[in-house]
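Chemist: Residue numbers (the UniProt record's numbering), protein chains in the order written: chain A, 1 to 301; chain B, 1 to 301.
Ideal Cβ positions, reconstructed from N, Cα and C, are used throughout, including at glycine.
None of the values given here were measured: they were computed from a predicted structure.
Quick one: the structure is below, and I'll ask about it shortly.
Protein chains: 2
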Amino acid sequence: MTTEPPYLSIATEIRGRIQTGVLAPGDRVPSTRAITREWGVAMATATKVLAALRQEGLVRVEPGVGTVVVDPRQARQATAPALTRARIVRAALELADSEGLNALTMRRLATVLDTSAMALYRHVPGKGELVRLMADEACGEVPLGPVPGHWRPGLERAARWLREVYARHRWMAQAMASFTRPVASPNAMAYTEWVLAVLWETPLTSSQKLHTHLTLFAFVQGLALADDLEEQARLDTGLSDGEWMEQNEPRFDAMQSGHPYPLLDAVTRDGGFELSLESLFEFGLRRTLDGVAAMIDETSG
Amino acid sequence: MTTEPPYLSIATEIRGRIQTGVLAPGDRVPSTRAITREWGVAMATATKVLAALRQEGLVRVEPGVGTVVVDPRQARQATAPALTRARIVRAALELADSEGLNALTMRRLATVLDTSAMALYRHVPGKGELVRLMADEACGEVPLGPVPGHWRPGLERAARWLREVYARHRWMAQAMASFTRPVASPNAMAYTEWVLAVLWETPLTSSQKLHTHLTLFAFVQGLALADDLEEQARLDTGLSDGEWMEQNEPRFDAMQSGHPYPLLDAVTRDGGFELSLESLFEFGLRRTLDGVAAMIDETSG
DNA sequence: ACCTGAACACCGTTCAAGT
DNA sequence: ACCTGAACACCGTTCAAGT
């Protein structure tokens, strides 16, 4: 008789009860608590027992009820889809969207996907590459549409597209790779190609076209980062904007009284205007496009 | 035979050279660069080697010379000054500058300062606040100078100042807090105040002044982030730009052949122009200022 | 072929204990 | 008053072992 780990022999016993019909589909199997009592084992062992049975697809967790026996006829369809790179990237995207890039760890991702952390490494080389795949996926979600006939509405649409990608996935601001070492992302490259197509009708040089593209990119990227840091702070501290301001006002005032900033004071006290990332985007986009227009005029004239 | 971390065995070897007199007091021990060459390890490992030896009191950094062997008779007086917030922030700044924000951990910082990690918490509330203090310190290093008489040279100087702060401390791109939740940094606030002073002579509204300031900020911030990701990639992989490109070219070409990007191809093949973060900065700054000029003309006219 | 568990070398931060 | 060591609850990733 081989000495197998306790959790395995307990699992075998429960498996027997299911196979002999002592426990029918829908019935609750012993809870972890019940297992510790019945077999006199530690909680960790009991948890392992249920995890093993769940992994075999014999039982599943019914929220609010407990762990119940799966109906074998339904088992096939209820079974989790096989682990694939696409499924991993999707889940990672959702996790980062809802909780930020910091919350995306290989271990948490594995739990969400109901596997071990190491199973992920069979489909993805590591976390760095995963984030790169996520960024590419994100860039593929929103269609760019046809290239407009004129450069100005074209650049405007490009900037709005980029802004939307960042707005849907704030963490991308931190992930987007450098300009000079372009991330190997087909979808990001497609964006570059689209912008160049927009600029093709202009008399700009190749250098000017590329610089125009990257200037717009840097501006939107800068805004996105601010947006992301904002969001991150909210997630980390659990405070909304207003609450944060309220909490930090005394400290702020103290700083102000020590170092007075009369102009900033005057400007903000002026009030009566919107200041948001949205208004900033519109304002900056307008200025940048006006600047490009001036350059095109010079070149043509 | 136990397999100890590479940095430890290298440290042991250098320690041996000191103890056997191969390296005498005052002699330079191998620099980080020399260590990477001699043992074929990454920069991070080489830095760890020297940090370990420094911590043992066997070597010390001689500014302008390198890391030299300490004379054991003088070792006592060379004792480190008391731990202060200023000293911690300084050391953190240097660590982040040379190895990136990821390498800045409380534990490593403590080793550099020759104390325990927990001693730091007596002077600084935590890592988040430390980074904020570092950012403020960085903004205080470069003087802004007098406010020029005209807005355009003024904004230009502001942008160059910001660019220089980021260039000296690349990690700041990741650390700089959001626009709407201004970091409580007197020195960053002083910059805002300076830009507003520059714009005071213009006929712009308060809203336009603030938006102009933040647009410029977002652009420089976006560039800085690209710069930082670039640097980070270099530190992480230990590859220079050229080496990286060389190594990834096959993969790149494969991607290109699968998804052809004819316009990007044409533009880059055109060549004969500079494309760097510096050229991008100059280009984008020019466009942005032209856009602001157009707005001012409209307002005046 | 695919997945797992234990292990390694790390984190930031707490807490009780030392000097 | 100031610093330390052990501990906690985490990381990403390796490796050998399991099914």
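Here's the rule: buried if 16 or more other CB atoms are within 10 angstroms of the residue's CB, otherwise exposed. What is Ser276 (chain A)?
Modeler: The residue is exposed, with fewer than 16 neighbouring Cβ atoms inside 10 Å.
Chemist: Counting only the same chain and skipping the five closest in sequence on each side, list residues whose C-beta sits under 6 Å from that of Gly291 (chain B).
Modeler: No residues qualify anywhere along the chain.
Chemist: Using the rule of at least 16 other Cβ atoms within 10 Å of the residue's Cβ for burial, across every protein chain shown, is Met43 (chain A) buried or exposed?
Modeler: When all chains shown are included, Met43 (chain A) counts as exposed.
Chemist: In chain B, which residues lie less than 7 Å from Thr288 (chain A) when you measure between Cβ atoms?
Modeler: Ordered by position in chain B, the residues that pass the 7 Å Cβ test against Thr288 (chain A) are Arg287, Thr288 and Gly291.
Chemist: Can you name the residues of chain B whose CB is closer than 9 Å to the CB of Trp200 (chain A)?
Modeler: Going along chain B in sequence order, the residues near Trp200 (chain A) (Cβ under 9 Å) are Leu263.
Chemist: Going along the UniProt domain "HTH gntR-type" (4 to 72) of chain B in order, which residues come within less than 8 Å of chain A, judged by CB to CB distance?
Modeler: Flagged: no residues at all.
Chemist: Does the region 103 to 118 of chain B come close enough to the region 139 to 157 of chain B to have 3 or more Cβ pairs within less than 8 Å?
Modeler: The answer is no - the region 139 to 157 of chain B does not touch the region 103 to 118 of chain B, with fewer than three Cβ pairs under 8 Å.
Chemist: Starting from Glu62 (chain A), follow the beta strand (DSSP E) in both directions and report where the run begins and ends.
Modeler: Segment Val59 to Glu62, the beta strand (DSSP E) holding Glu62 (chain A).
Chemist: When the distance is taken between beta carbons, is Thr215 (chain B) closer than 8 Å to Thr299 (chain B)?
Modeler: Cβ distance not < 8 Å, so Thr299 (chain B) and Thr215 (chain B) don't count as in contact.
Chemist: Using the Cβ count rule (16 or more neighbours within 10 Å means buried), how would you classify His211 (chain B)?
Modeler: It counts as buried.
Chemist: Rounded to a whole number of angstroms, what is the C-alpha to C-alpha distance between Gly100 (chain A) and Leu144 (chain A)?
Modeler: Their backbone Cα atoms lie some 26 Å apart in a straight line.
Chemist: Grab the span of the alpha helix (DSSP H) containing Thr299 (chain B) for me, first residue to last.
Modeler: Unbroken alpha helix (DSSP H) run through Thr299 (chain B): Leu277 to Ser300.
Chemist: Expressed to the nearest angstrom, what Euclidean distance is found between the alpha-carbon atoms of residue 302 (chain A) and Thr67 (chain A)?
Modeler: Given that chain A is displayed from residue 1 to residue 301, the structure contains no residue 302 (chain A) and the question cannot be resolved.
Chemist: Step through the CB atoms of chain B and report whether any lies within less than 8 Å of the CB of Gly154 (chain A).
Modeler: No, because no Cβ of chain B sits closer than 8 Å to the Cβ of Gly154 (chain A).
Chemist: When we look at the beta-carbon of Arg132 (chain A) and count the other beta-carbons within 10 Å, is it buried (16 or more) or exposed?
Modeler: Buried, since its Cβ has 16 or more Cβ neighbours within 10 Å.
Chemist: Let's see if you can read the secondary structure: which residues bound the beta strand (DSSP E) around Val69 (chain B)?
Modeler: Where Val69 (chain B) is concerned, the enclosing beta strand (DSSP E) stretches over Gly66 to Val69.
Chemist: Work out the CA separation of His213 (chain A) and Trp171 (chain A) for me, nearest whole Å.
Modeler: Distance between the alpha carbons of Trp171 (chain A) and His213 (chain A): 22 Å.
Chemist: Give the secondary structure of Arg170 (chain B) by DSSP, where H, G and I count as helix, E and B as strand, and everything else as coil.
Modeler: Correct three-state label for Arg170 (chain B): coil.
Chemist: Rounding to the nearest angstrom, what Cα-Cα distance links Ala117 (chain B) and Ile88 (chain B) in this structure?
Modeler: If I take the Cα positions, the gap works out to 11 Å.
Chemist: How far does the alpha helix (DSSP H) with Ala82 (chain B) in it extend, from its first residue to its last?
Modeler: Note, Ala82 (chain B): premise wrong, no alpha helix (DSSP H); not H, not E.
Chemist: My guess is that Leu280 (chain B) and Ala218 (chain A) are in contact by the Cβ rule of under 8 Å, so how many angstroms apart are they, rounded?
Modeler: With a Cβ gap of about 7 Å, Leu280 (chain B) and Ala218 (chain A) count as contacting.
Chemist: Look at the alpha carbon of Asn187 (chain A) and the alpha carbon of Thr268 (chain B), and state the distance between them as a whole number of angstroms.
Modeler: The alpha-carbon atoms of Asn187 (chain A) and Thr268 (chain B) are separated by roughly 19 Å.
Chemist: Can you pull the chain B residues whose beta carbon is under 9 Å from the beta carbon of Ser98 (chain A), in chain order?
Modeler: Those do not exist, as Ser98 (chain A) stays about 19 Å from chain B at its closest Cβ, beyond 9 Å.
Chemist: Report yes if the C-beta distance between Leu83 (chain B) and Leu113 (chain B) is below 8 Å; otherwise report no.
Modeler: Yes.
Chemist: Helix or strand or just coil, what does DSSP make of Arg28 (chain B)?
Modeler: Residue state, collapsed to three classes: strand.
Chemist: Would you tell me roughly how many angstroms separate the C-alpha atoms of Gly21 (chain A) and Val70 (chain A), rounded to the nearest one?
Modeler: Using only the alpha carbons, I get a separation of about 12 Å.
Chemist: Can you give the beta carbon distance from Ala119 (chain A) to Ala175 (chain A), rounded, assuming they're within the 8 Å contact cut?
Modeler: Ala119 (chain A) to Ala175 (chain A), Cβ: 23 Å. No contact.
Chemist: Does the beta carbon of residue 378 (chain A) come closer than 8 Å to any beta carbon on chain B?
Modeler: Here chain A has residues from 1 to 301 only, and residue 378 (chain A) is not among them.
Chemist: Shorter than 8 Å from the beta carbon of Gly149 (chain A) to some beta carbon of chain B?
Modeler: For Gly149 (chain A), the answer is no, since every Cβ of chain B falls outside 8 Å of its Cβ.
Chemist: Does DSSP put Ala103 (chain B) in a helix, in a strand, or in coil?
Modeler: DSSP places Ala103 (chain B) in coil when its eight states are reduced to three.
Chemist: For a test of your reading of the model: does the CB of Thr299 (chain A) fall under 7 Å from any non-hydrogen atom of the ligand COA? Yes or no.
Modeler: The ligand COA is not part of the structure shown, which contains no ligands of any sort.
Chemist: Give the residues of chain A in contact with His123 (chain B), contact being defined as C-beta atoms less than 9 Å apart.
Modeler: Those do not exist, as His123 (chain B) stays about 19 Å from chain A at its closest Cβ, beyond 9 Å.
Chemist: With a threshold of 16 other CB atoms inside 10 Å of the CB of Arg163 (chain A), please say whether the residue is buried or exposed.
Modeler: Under this definition Arg163 (chain A) is a buried residue.
Chemist: Residues in the same chain with beta-carbon distance under 6 Å from Val41 (chain A), minus the five sequence neighbours each way, listed in chain order, please.
Modeler: If we look at Val41 (chain A) and ignore the five residues flanking it on each side, its Cβ neighbours are Pro6.
Chemist: Helix or strand or just coil, what does DSSP make of Phe273 (chain A)?
Modeler: Three-state DSSP puts Phe273 (chain A) in coil, outside helix and strand.
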